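**Q** Taken in sequence, the protein lines are chains A and B. First residue of the first sequence? That's 149 in the working numbering, and the numbers climb one at a time after it. First residue of the second sequence? That's 2 in the working numbering, and the numbers climb one at a time after it. Dropping the structure in here first, questions after.
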Amino acid sequence: MIDRPVRPLFADGYRFETQIVASVISSDAENDPDVIAITGASCALYLSDIPFENPIAGIRIGLTDGKYLINPTFDERRESDLNLIVAGTEEAICMVECEANEVEEKVMVEALMLAHREIKRLCLWQKELGKALNITKREFVVPELDAHIVADVEKTWTDKLRTALDSTGREKIEVYAGLEDLKKEVVESYPEDDPGARATAGKAFGKLKEKIFREDMLGNKRRPDGRRFSEIRPINCEVGWLPRVHGSALFTRGETQAIVTTTLGTKMDGQFMDDLEKGTVDRRFMLHYNFPPYSVGETGRFGSTSRRETGHGNLARRAIMSVLPEDADFPYTIRIVSDITESNGSSSMATVCGGILSLMDAGVPIKKPVAGVAMGLVMEGNRYAILSDIAGAEDHYGDMDFKVTGTADGITALQMDIKIGGINAMILQEALEQAKKGRIHILDIMAKAIAEPREDISPYAPRIITMQINPEKIRDVIGKGGSVIRSITEETGAKIDIDDDGTISIASADGEAAQAAIARIKAITAEAEIGETYLGTVSRIVDFGAFVEIIPGLDGLLHISEISDRRVKDVRDELKEGQQILVKCIGKEGNKIKLSRRAIINEEKAKASGEGE
Amino acid sequence: MKKKYLNESIKLGNKELIVETGKVAKQADGSVVIRYGDTIVLVAAVSGRTAREGLDFFPLTVEYRENSFAAGRIPGNYFRREGRPGKKKFSHAA
Chain A
149 MIDRPVRPLF
159 ADGYRFETQI
169 VASVISSDAE
179 NDPDVIAITG
189 ASCALYLSDI
199 PFENPIAGIR
209 IGLTDGKYLI
219 NPTFDERRES
229 DLNLIVAGTE
239 EAICMVECEA
249 NEVEEKVMVE
259 ALMLAHREIK
269 RLCLWQKELG
279 KALNITKREF
289 VVPELDAHIV
299 ADVEKTWTDK
309 LRTALDSTGR
319 EKIEVYAGLE
329 DLKKEVVESY
339 PEDDPGARAT
349 AGKAFGKLKE
359 KIFREDMLGN
369 KRRPDGRRFS
379 EIRPINCEVG
389 WLPRVHGSAL
399 FTRGETQAIV
409 TTTLGTKMDG
419 QFMDDLEKGT
429 VDRRFMLHYN
439 FPPYSVGETG
449 RFGSTSRRET
459 GHGNLARRAI
469 MSVLPEDADF
479 PYTIRIVSDI
489 TESNGSSSMA
499 TVCGGILSLM
509 DAGVPIKKPV
519 AGVAMGLVME
529 GNRYAILSDI
539 AGAEDHYGDM
549 DFKVTGTADG
559 ITALQMDIKI
569 GGINAMILQE
579 ALEQAKKGRI
589 HILDIMAKAI
599 AEPREDISPY
609 APRIITMQIN
619 PEKIRDVIGK
629 GGSVIRSITE
639 ETGAKIDIDD
649 DGTISIASAD
659 GEAAQAAIAR
669 IKAITAEAEI
679 GETYLGTVSR
689 IVDFGAFVEI
699 IPGLDGLLHI
709 SEISDRRVKD
719 VRDELKEGQQ
729 ILVKCIGKEG
739 NKIKLSRRAI
749 INEEKAKASG
759 EGE
Chain B
2 MKKKYLNESI
12 KLGNKELIVE
22 TGKVAKQADG
32 SVVIRYGDTI
42 VLVAAVSGRT
52 AREGLDFFPL
62 TVEYRENSFA
72 AGRIPGNYFR
82 REGRPGKKKF
92 SHAA
């Protein structure tokens with residue numbers, strides 16, 4: 149979040165190795181250091197001789213009960229429907245990261261504008277600090293391309309390039325290859341012994357590409373692939389096509405495609421992460437995004453996850469998070485994996501759509517489906533074009549790209565990168581509205597593949613059944629050093645998790661094992677209820693009465709006075725160990741249970757005499 | 002050039018945002034200690050003096066570290082070192 153807003157503010161052609169290190173050295177578990185680090189990075193750059201001329205600031209906005217909060221604390225964020233991070237300069241918003249609880253477009257625009265007002269103040273303040281320190285910047289002159297060559301390339305190649313850029317009805321690979329060939333041709337039209345001219349021609353070619361793209365967009369209102377501005381590429385959704393997978397989807401949009409799967413697990417499958425605020429957090433929902441090189445027809449190393457992959461995965465995770473069921477309703481750990489198999493732009497949004505399809509296929513009772521669309525904006529003066537579902541090429545030459553995900557009712561996540569100033573609330577509003585139209589179009593198509601979450605989860609998924617026990621009994625279920633819980637797990641094959649509040653979740657591959665485990669736990673934790681009759685076994689006889697086991701492992705005392713309706717001289721006259729008798733629970737004192745056989749005998753007698761009359 | 006000292010604050014939300022420079026990490030081209038509540042971040046920036054030729058991108062790297070010691074904790078990993086940044090930190094640097 150520091151790189152994205154800072155990078156575009158360095159002059160074009162600045163090639164000096166630059167490093168920013170932000171280190172959190174004190175943390176109060178209240179204020180998130182992330183937005184502070186953005187403003188801090190700007191201060192470090194701006195209040196130095198590094199040629200960084202335009203300060204930025206970072207702000208977080210929350211929204212609780214219709215009230216906006218500036219830089220809310222962690223506690224306040226838990227109540228908030230909005231977690232919006234905005235970075236920008238005095239003139240414009242540069243970067244937006246947001247997760248939200250189905251927030252309306254209008255509210256989002258308001259929050260963005262509020263954030264920018266605060267950012268402006270912080271930027272002006274930094275400029276004052278700069279003056280106070282009397283900062284002088286290093287000199288840096290932007291290298292200019294040879295104007296003669298630029299004009300020459302433009303004159304000779306514009307028409308050919310325009311034709312090469314037109315991707316109507318053609319595949320991306322073919323178009324890209326054609327452009328590569330043409331670039332080679334342009335470069336080689338300059339003498340081999342003048343590498344400088346050749347390099348300039350290459351750069352001029354790139355600039356011309358951008359110029360044609362923008363002209364066509366704003367002047368001719370034409371996208372490279374001939375689509376209308378708001379048109380979404382054709383979509384195809386398939387669900388449930390991987391037989392052993394708990395939930396699966398194949399989502400294809402134009403030339404972008406993803407295999408997305410959902411796997412259900414138990415609590416033990418959750419991910420534990422170090423966290424500054426809370427120490428360790430247990431993550432019950434994971435989303436992993438993979439972008440293998442073959443998806444764009446390349447070869448490459450399979451190493452560790454790239455920043456891009458992590459970032460896309462996080463965005464998709466945020467997009468889906470707010471529609472997941474509560475833990476109490478659906479106690480599974482959920483892992484979504486998105487493997488991009490073809491890519492021409494918007495693969496993170498394909499991940500969101502495919503992820504939702506796979507969740508519904510897995511029978512996860514999500515609150516509402518979510519879809520996502522990647523948008524672009526090209527703007528010059530007061531002319532602008534808002535593009536829906538941008539393809540790879542459109543991503544490069546636009547002035548703003550933003551990804552919006554949400555339900556039919558509101559936004560769940562937002563990510564924007566803006567390269568220019570002057571984007572006002574009206575354009576933002578229009579862009580978000582157009583994104584909403586696109587989103588609803590996609591949701592309709594998704595609903596044709598699967599409209600509701602499946603009733604039941606896959607037979608290959610673990611079953612988790614939750615039950616509630618008295619927290620005081622947790623010790624008994626666990627047993628000495630875990631002996632009891634271990635024996636239940638071994639005998640039934642079910643995995644058992646116990647929470648401090650007495651919630652037990654029992655997970656197993658088949659229902660019978662789970663039922664057996666439940667029966668065991670019920671037996672251990674069963675409590676005698678006053679007034680209830682039990683068939684018990686006399687376990688021990690003492691002078692003052694007998695102990696009767698009424699539930700396996702649970703003994704109650706049958707006092708000598710409660711054995712019979714007659715006076716009993718010696719307990720052994722009436723009972724012997726191992727005998728089965730009916731007893732009634734007549735009272736409890738702490739762990740001691742009082743039983744009575746007399747009460748039952750009396751009841752029987754009363755019944756008998758009643759019938760006799 | 003000797004770095005000048007500065008310590009200023011501005012109201013932001015219901016707290017003060019405080020910036021201090023010229024005290025810590027003075028060999029970096031630019032550095033500040035920025036504070037909000039009891040959360041403090043040290044940011045240092047360095048930009049080389051010789052341009053890298055032949056690059057067609059800006060060689061900028063950003064490191065964002067949330068240190069366990071900052072919150073009074075010992076890291077949970079095997080080596081007990083401030084570890085590789087987790088998922089969260091990656092996205093902050095980007």
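Heads up, the beta-carbon is just placed ideally off N, CA and C, and yes, glycines get one too. Keep in mind the model is a prediction, meaning the values are calculated, not measured.
Can you tell me which of B:F80, B:G77, B:F70, B:E83 puts its alpha carbon nearest to the alpha carbon of S175 (chain A)?
**A** Within the first sequence, numbered from 1, the residue matching residue 175 (chain A) stands at position 27. Out of B:F80, B:G77, B:F70, B:E83, B:F70 has the C-alpha closest to the C-alpha of S175 (chain A).
**Q** Quick one: what's M497 (chain A) bridged to in DSSP?
**A** Taking the first residue of the first sequence as position 1, residue 497 (chain A) is located at position 349. M497 (chain A) pairs with nothing; no bridge assigned.
**Q** Could you compute how far the alpha carbon of A387 (chain A) sits from the alpha carbon of G161 (chain A)?
**A** What you label residue 387 (chain A) is simply residue 239 of the first sequence in a count that begins at 1. What you label residue 161 (chain A) is simply residue 13 of the first sequence in a count that begins at 1. Residue identity differs from the one stated: residue 387 (chain A) is Val in this sequence, not Ala. Roughly 47 Å separates the two Cα atoms.
**Q** If contacts are defined as beta-carbon pairs under 8 Å, then P607 (chain A) and A655 (chain A) qualify, I think. What distance do you get, rounded to the angstrom?
**A** For the purposes of this step, residue 607 (chain A) is taken as the residue at position 459 of the first sequence. For the purposes of this step, residue 655 (chain A) is taken as the residue at position 507 of the first sequence. About 14 Å; that fails the 8 Å criterion.
**Q** Measure the C-alpha to C-alpha separation of A349 (chain A) and Y338 (chain A) and round it to an integer number of angstroms.
**A** By 1-based counting over the first sequence, the position of residue 349 (chain A) is 201. By 1-based counting over the first sequence, the position of residue 338 (chain A) is 190. Each residue's Cα considered, the two are about 8 Å apart.
**Q** Does any CB atom of chain A fall closer than 8 Å to the CB of K5 (chain B)?
**A** Counted from its first residue, the second sequence places residue 5 (chain B) at position 4. Output row for K5 (chain B): interface = yes.
**Q** Quick check: D580 (chain A) and V257 (chain A), are their CB atoms within less than 8 Å of each other?
**A** On the first sequence, residue 580 (chain A) is found 432 positions in, with the first residue counted as 1. On the first sequence, residue 257 (chain A) is found 109 positions in, with the first residue counted as 1. At residue 580 (chain A) the sequence reads Leu, which differs from the Asp that was named. A contact, by the Cβ cut-off of 8 Å.
**Q** Just reading off the beta strand (DSSP E) that Y65 (chain B) is part of, what are its end residues?
**A** In the second sequence, residue 65 (chain B) corresponds to position 64, counting from 1. Looking at the DSSP string, the run of the beta strand (DSSP E) that includes Y65 (chain B) is 61–67.
**Q** Quick check on DSSP: helix, strand or coil for R155 (chain A)?
**A** Sequence index remark: in the first sequence, residue 155 (chain A) carries index 7 (1-based). Note: R155 (chain A) maps to helix in three-state DSSP.
**Q** At 8 Å on the CB atoms, spell out the chain A contacts of E67 (chain B), in chain order.
**A** In the second sequence, counting from the first residue as 1, residue 67 (chain B) sits at position 66. Neighbours of E67 (chain B) on chain A, chain order: V172, S175, P181, L424.
**Q** So, using beta-carbon positions, are R432 (chain A) and M421 (chain A) closer together than 8 Å?
**A** The residue given as residue 432 (chain A) occupies position 284 in the first sequence. The residue given as residue 421 (chain A) occupies position 273 in the first sequence. Not in contact: R432 (chain A) and M421 (chain A) (Cβ atoms no closer than 8 Å).
**Q** Can you give me the C-alpha to C-alpha distance between L743 (chain A) and G704 (chain A), rounded to a whole angstrom?
**A** In the first sequence, the residue the question calls residue 743 (chain A) occupies position 595. In the first sequence, the residue the question calls residue 704 (chain A) occupies position 556. Cα-Cα distance, rounded: 6 Å.
**Q** Which runs of the beta strand (DSSP E), 3 residues or longer, sit entirely within the stretch 540–566 of chain A?
**A** Listed in chain order, they are 548–554, 559–566.
**Q** Can you tell me the Cα-Cα spacing of M508 (chain A) and T409 (chain A), whole angstroms?
**A** The residue you call residue 508 (chain A) lines up with position 360 of the first sequence. The residue you call residue 409 (chain A) lines up with position 261 of the first sequence. About 11 Å.
**Q** So which residues of chain B does Q577 (chain A) contact, with C-beta pairs closer than 7 Å?
**A** By one-based count along the first sequence, residue 577 (chain A) stands at place 429. Per Cβ cutoff of 7 Å: no residues; Q577 (chain A) is ~25 Å from chain B at best.
**Q** Between A:E620, A:T637, A:R155, A:A185, which has its C-alpha nearest D648 (chain A)'s C-alpha?
**A** For the purposes of this step, residue 648 (chain A) is taken as residue 500 along the first sequence, with counting starting at 1. Cα-wise, what sits closest to D648 (chain A) is A:E620.
**Q** Near E21 (chain B), what residues of its chain come up, given a Cβ to Cβ distance below 6 Å and the 5 sequence neighbours on each side ignored?
**A** Here residue 21 (chain B) refers to the residue found at position 20 when the second sequence is read from its first residue. Once the five neighbours on either side are set aside, the close Cβ partners of E21 (chain B) are N8, V34.
**Q** At 7 Å on the CB atoms, spell out the chain B contacts of L193 (chain A), in chain order.
**A** To locate residue 193 (chain A), count along the first sequence from 1; it is residue 45. Result: G31, A46.
**Q** Determine the burial state of R531 (chain A): buried for a count of at least 16 other Cβ atoms within 10 Å of its Cβ, exposed for fewer.
**A** Position 383 of the first sequence, counting from 1, holds the residue named residue 531 (chain A). R531 (chain A) should be labelled exposed.
**Q** Tell me, please, whether the CB atom of I204 (chain A) is closer than 8 Å to any CB atom in chain B?
**A** Position 56 of the first sequence, counting from 1, holds the residue named residue 204 (chain A). No, no contact with chain B.
**Q** Contact criterion: CB-CB distance below 8 Å. Does I652 (chain A) meet it with respect to chain B?
**A** Taking the first residue of the first sequence as 1, we reach residue 652 (chain A) at position 504. I652 (chain A) is outside the set of residues whose beta carbon lies under 8 Å from a beta carbon in chain B.
**Q** Tell me where the beta strand (DSSP E) around V731 (chain A) begins and ends.
**A** Here residue 731 (chain A) corresponds to residue number 583 of the first sequence, with the count starting at 1. Unbroken beta strand (DSSP E) run through V731 (chain A): 728–737.
**Q** Measuring alpha carbon to alpha carbon, tell me which residue in A:H544, A:K359, A:K320 is nearest S777 (chain A).
**A** The structure shown does not extend to residue 777 (chain A), since chain A spans only 149 to 761, so no value can be given for it.
**Q** Interface residues of chain D around I218 (chain A) at Cβ under 7 Å?
**A** Among the chains of the structure shown, chain D does not appear; the protein chains present are A and B.
**Q** Quick one: is M564 (chain A) buried, meaning 16 or more other Cβ sit within 10 Å of its Cβ, or exposed?
**A** By one-based count along the first sequence, residue 564 (chain A) stands at place 416. Looking at its Cβ environment, which holds 16 or more other Cβ atoms inside 10 Å, M564 (chain A) is buried.
**Q** Quick check on the burial criterion: 16 or more other C-beta atoms within 10 angstroms. Buried or exposed for E761 (chain A)?
**A** Position 613 of the first sequence, counted from the first residue, corresponds to residue 761 (chain A). Its pLDDT being 47, under 50, E761 (chain A) is placed unreliably by the model, and nothing is read from it.
**Q** Mind pulling the chain A residues with CB within less than 7 Å of E9 (chain B)?
**A** Within the second sequence, numbered from 1, the residue matching residue 9 (chain B) stands at position 8. Near E9 (chain B) (Cβ distances below 7 Å), the residues of chain A are L277.
**Q** I'd like to confirm the pairing. Which residues does DSSP put opposite M527 (chain A) in its beta bridges?
**A** Here residue 527 (chain A) refers to the residue found at position 379 of the first sequence. Partner(s): A:Y532.
**Q** Can you grab the Cα-Cα spacing for the pair K89 (chain B) / L463 (chain A), in whole Å?
**A** Mapped onto the second sequence, residue 89 (chain B) falls at position 88. Mapped onto the first sequence, residue 463 (chain A) falls at position 315. Its pLDDT being 49, under 50, K89 (chain B) is placed unreliably by the model, and the measurement read from it follows with that caveat. If I take the Cα positions, the gap works out to 11 Å.
**Q** Identify whether Q770 (chain A) lies in helix, strand or coil by the three-state DSSP scheme.
**A** The shown model of chain A, from 149 to 761, leaves out residue 770 (chain A), and the question about it has no answer.
**Q** Does the distance from the C-beta atom of C385 (chain A) to that of I514 (chain A) stay below 8 Å?
**A** Residue numbering aside, residue 385 (chain A) sits at position 237 when the first sequence is read from its first letter. Residue numbering aside, residue 514 (chain A) sits at position 366 when the first sequence is read from its first letter. C385 (chain A) is not a Cβ neighbour of I514 (chain A), given a cutoff of 8 Å.
**Q** When the cut-off is 8 Å and only beta carbons count, does I75 (chain B) lie next to chain A?
**A** Along the second sequence, read from residue 1 onward, the residue named residue 75 (chain B) stands at position 74. Taking Cβ atoms only, chain A never reaches closer than 8 Å to I75 (chain B), which makes this a no.
**Q** Please name the residue, chosen from A:P601, A:E578, A:T553, that lies closest to I590 (chain A) on a Cα-to-Cα basis.
**A** Sequence index remark: in the first sequence, residue 590 (chain A) carries index 442 (1-based). Selected option, being the one with the closest Cα: A:T553.
**Q** With which residues is Q577 (chain A) paired in a DSSP beta bridge?
**A** The residue labelled residue 577 (chain A) in the question sits at position 429 within the first sequence. Q577 (chain A) is not bridged to any residue.
**Q** Starting from the Cα of A510 (chain A), find the closest Cα among A:L412, A:N572, A:I588, A:M434 and give me that residue.
**A** Indexing the first sequence from 1 puts residue 510 (chain A) at position 362. Sorting A:L412, A:N572, A:I588, A:M434 by C-alpha distance to the C-alpha of A510 (chain A) places A:L412 at the top.
**Q** Any chance the stretch 627–634 of chain A sits against the stretch 435–445 of chain A, with 3 or more Cβ pairs inside 8 Å?
**A** no
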